[in-house]
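Asks: Letter by letter, the sequence shown follows residues -41 to -1, 1 to 572 in mature numbering (1 follows the signal peptide of the UniProt record, and there is no 0).
Before anything else, here's the structure in question.
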Amino acid sequence: MNQSSLQHKMGWLFKCLPNPMTFLLLSVIIFIFVTPPEVDAKTHHYKWAVRYEFKSPDCYEKLAITIDGTTPGPTIMARQGDTIVVELKNELQMENVAVHWHGIRMFGTPWNDGTEGVTQCPIVPGDTFVYRFTLDKPGTFFYHGHYGMQRSAGLYGLIQVSVPNGVVEPFLYDEDRSIILNDWWHNSTYEQAIGLSSLNFRWVNEPESLLIQGRGRFNCSLAEFGGKCNQTNAECSPHIITVVPGKTYRLRIASVTSLSALNFEIEGHNMTIVEADGNYVEPFVVKNLNIYSGETYSVLVKADQDPSRNYWAAINVVSRKRTTPTGLAIFNYSPNPPLTPPPIAPSTGPPWNDTFSRFNQSLAIKARKGYTVPPPQTSDKSITLLNTQNKIDGYNRWAVNNVSLLLPATPYLIALKWNKTNAFNQSPAPETYDDYQNYDIHNPAANINATYGSSIYRFPFNSTVDVVLQNANMMKPNNSETHPWHLHGHDFWVLGYGLGKFDPVSDPMKYNLVDPIRKNTVPLHPYGWTALRFRADNPGAWAFHCHIESHFFLGMGVVFEEGVEMVPRLPTSVLGCGDTKRLRMPVKSGGSSLPSGFIYLSNLFVLLLLFLN
Ligand SMILES: [Cu+2]
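And the structure:
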């Protein structure tokens, strides 16, 4: 029996009993009848201090958000079924914080998703918040700031989840290497945020540098204040990927960029893509990999070239006109000196505007044979989300179906659980856009005005939902951008991509219902559409948004709710803002007001979901 069918069959039980009694009773039943598979599951404890420090990741010094002094922060390495506990202390002094665990579905702990405004109140300066969650699947994931634009200030790191002991993956390799990719600006995130949200709009512009594993290289002769840029600073010496000739490496690549779509390649080496967003994919060989913000991939690379020299690992911007120099790391064949530059110039990547080849790469990724979880063959509901750039009262915004999201002061999950109906607009969010038949996606909208909104989409628990993302022209003629959309709390099936306007009659007939890839982040290509299907089987409130930091900041997102009545009483640690100021109770260390037996039972519930998944 798979997880969804069990949840479906038990749906009546959830409906019949009030919470949290439902939850307790179910947990006891589970405890009696099920032996969890990961008997050796561990709990990993971390204590992190988040603060601003002067850093020079691309040789130019600026303030960056660090975790225990580093950006990227520490890599979390654990196994499927393990529990992660992060005691996060906000030492930013003048700024709130929240950290999202990207790709981890948070079964049973939706309040620990880390999305400020959706699942929790922000962590105020000086406060400590305890994130506790279970790693529901193996794969490559990451974490990042989800308050304001803190990801682009450097608050991010990798999560590497191995298969449980005794489980074998469907490919072989000798060692792992982490490669986290980012874009980097010299302006502060304050300057960026205020510029974006001013009536006198200031765009963030293209990044000054691209970073590989937190390291890039800016040409200091271009720096306005030369004294702050130092090409000999050890912080900006290139990242080194050392390999032994003949061995095969699994490169775990994650893109946390704030704006850029990237193309990654290793000079002279083919890469075999085997994993995307924690899902096995049918292996296929590429010379280079397009990766969008919010995506992760594993690729296998064999060190099978001339071992007497080093090679470039290079990232280049695609899908936006390129002004940022290539980001470089050194693929170092041991025992060559790691910093010896390769003898030839690095690749400058494919043409930035070759949408077609990127579109084809999207189409080429299929679920791995033998590991395919076919999607439900029909859906209960379909919504269409038009992506547009708009004006509201003269301000530049991004909108979905002409509504630009404003996160309420009371986070959605809390408002829903505590029945704070004034916290957000209770009328349903729009399921399609105005004048759908006649809307011309290839030209700027006739009416560029949108409205602010805080409505959400509410789906019956366990229903199957289709989402069609529709791209369009921006306010400027002949411009349409790539938007990588990320769904919290779920993996969805990618049923199809198209270029042009989605046809609700003929396009669904072309959906891949056999072996679609499951992902948590997917690109919406310029002037194109992308169709997804997911099962609303994770009780909670979940953000679904463009992963470009400035686009989400300017309203490009929506919120989904399902089964919120099944979420047990929230820990008081997530409360304390908006309408919940008076609800927050003093908490002992540990960060949760729930009795420990209750937490134990909820962990059992999570283990059951893992077992059945
Ligand atoms: Cu976007």
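C-beta atoms are modelled at their ideal positions from N, C-alpha and C, and glycine is treated no differently.
Since the structure is predicted, the reported quantities are computational estimates derived from the model, not experimental observations.
What did DSSP end up calling Q429 once you bin it into helix, strand or coil?
Replies: Strand, per DSSP.
Asks: Just curious, the alpha helix (DSSP H) that Y149 is in, first and last residue?
Replies: T148 to L155 is the span of the alpha helix (DSSP H), which, as asked, contains Y149.
Asks: Spatial neighbours of F101 within its chain, please: CB distance less than 8 Å, with the 5 preceding and 5 following residues excluded, ordered by chain position.
Replies: H61, G62, Y115, G116, L117, I118, I139, A213, V215 and T255.
Asks: If we count the other Cβ atoms within 10 Å of its Cβ and call it buried at 16 or more, is H4 buried or exposed?
Replies: The residue is exposed, with fewer than 16 neighbouring Cβ atoms inside 10 Å.
Asks: Per DSSP, which one or two residues make a beta bridge with R492?
Replies: D425 and W452, per the DSSP bridge assignment.
Asks: For I400, verify whether its CB is less than 6 Å away from any heavy atom of ligand 1.
Replies: No, ligand 1 has no heavy atom inside 6 Å of this Cβ.
Asks: With a threshold of 6 Å on Cβ separation, who are the neighbours of G253 within its own chain once the five nearest residues in sequence on each side are excluded?
Replies: Only P443, H445, T480 and H506 meet the Cβ criterion.
Asks: Which residue wins for smallest C-alpha separation from Y270, given the options V260, R279 and S278?
Replies: Residue V260 is the option with its Cα nearest to Y270.
Asks: Between V362 and T410, what straight-line distance do the alpha-carbon atoms span, to the nearest angstrom?
Replies: Answer to the nearest angstrom: the Cα atoms are 5 Å apart.
Asks: Would you report the Cα separation of V202 and F130, rounded to the nearest angstrom?
Replies: About 19 Å.
Asks: Per DSSP, which one or two residues make a beta bridge with Y392?
Replies: None; Y392 has no bridge partner.
Asks: Give a single yes or no on whether H510 has its beta carbon closer than 6 Å to a heavy atom of ligand 1.
Replies: H510: yes, Cβ under 6 Å from ligand 1.
Asks: Name the two residues that bound the continuous beta strand (DSSP E) containing K350.
Replies: Residues K340 to I351.
Asks: Count the other CB atoms within 10 Å of the CB of N421; is the residue buried (16 or more) or exposed (fewer)?
Replies: So N421 counts as buried.
Asks: Express the C-alpha separation of S532 and F88 in angstroms, rounding to a whole number.
Replies: The straight-line gap from Cα to Cα measures roughly 7 Å.
Asks: If you draw a straight line from the C-alpha of E194 to the C-alpha of E183, how long is it?
Replies: Approximately 20 Å, taken between the alpha carbons.
Asks: Could you tell me if the beta carbon of H442 falls within a distance shorter than 6 Å of some heavy atom in ligand 1?
Replies: Yes - ligand 1 has a heavy atom lying nearer than 6 Å to the Cβ of H442.
Asks: Would you decide whether V359 is buried or exposed? Buried here means 16 or more other CB atoms lie within 10 Å of its CB.
Replies: Buried, because 16 or more other Cβ atoms sit within 10 Å of the Cβ of V359.
Asks: Alpha carbon to alpha carbon, what distance is there between V240 and P475?
Replies: Rounded to the nearest angstrom, the two C-alpha atoms are 9 Å apart.
Asks: Using only the heavy atoms of ligand 1, determine whether one of them is closer than 6 Å to the beta carbon of M230.
Replies: Because no heavy atom of ligand 1 lies under 6 Å away, the Cβ of M230 does not count as near it: no.
Asks: To the nearest angstrom, how far is it from the Cα of M65 to the Cα of L94?
Replies: When rounded, the distance between both Cα atoms is 8 Å.
Asks: Ordered along the chain, which non-local residues of its own chain (more than five positions away) have a Cβ less than 7 Å from that of P166?
Replies: The residues are D142, W143, W144, L218, S219 and T283.
Asks: Among residues of its own chain, excluding the 5 on either side of L(-16), which ones have a beta-carbon nearer than 6 Å to its beta-carbon?
Replies: Note that L(-16) has pLDDT 49, beneath the 50 cutoff, so the model's placement of it is unreliable and no number is given.
Asks: Q39: buried (16+ other C-beta within 10 angstroms of its C-beta) or exposed?
Replies: Buried, because 16 or more other Cβ atoms sit within 10 Å of the Cβ of Q39.
Asks: Please identify the residue among N471, G175, P31 and P81 whose C-alpha is closest to the C-alpha of P334.
Replies: The option with the nearest alpha carbon to P334 is N471.
Asks: Roughly how many whole angstroms lie between the Cα atoms of P294 and R268?
Replies: Computed Cα separation, rounded: 9 Å.
Asks: Tell me whether M433, by its Cβ, gets closer than 6 Å to a heavy atom of ligand 1.
Replies: Not so, every heavy atom of ligand 1 lies at least 6 Å from the Cβ.
Asks: Got a sec: does ligand 1 put a non-hydrogen atom nearer than 6 Å to the Cβ of M108?
Replies: Every heavy atom of ligand 1 is 6 Å or more from the Cβ of M108, so no.
Asks: Quick check on the DSSP output: the beta strand (DSSP E) that includes N238 runs from which residue to which?
Replies: Residues N238 to V245.
Asks: Can you give me the C-alpha to C-alpha distance between A272 and K478, rounded to a whole angstrom?
Replies: The straight-line gap from Cα to Cα measures roughly 25 Å.
Asks: Between the alpha carbons of S111 and T30, how many angstroms are there, rounded?
Replies: Roughly 11 Å separates the two Cα atoms.
Asks: Please determine, among E226, P485, F315 and T337, the residue with the shortest C-alpha to C-alpha distance to P302.
Replies: P302 has its Cα closest to that of E226, out of E226, P485, F315 and T337.
Asks: Pair every Cβ in the region 445 to 456 with every Cβ in the region 483 to 502, then say whether three or more of these pairs are closer than 8 Å.
Replies: Output reads yes: the region 483 to 502 touches the region 445 to 456.
Asks: I'd like to confirm something about M515: is its beta-carbon nearer than 6 Å to some heavy atom of ligand 1, or not?
Replies: Because some heavy atom of ligand 1 lies under 6 Å away, the Cβ of M515 counts as near it: yes.
Asks: Between the beta-carbon of K6 and the beta-carbon of E46, is there less than 7 Å?
Replies: Yes.
Asks: Is the distance from the Cβ of W357 to the Cβ of M108 below 7 Å?
Replies: No, the pair does not count as a contact, with Cβ atoms beyond the cut-off.
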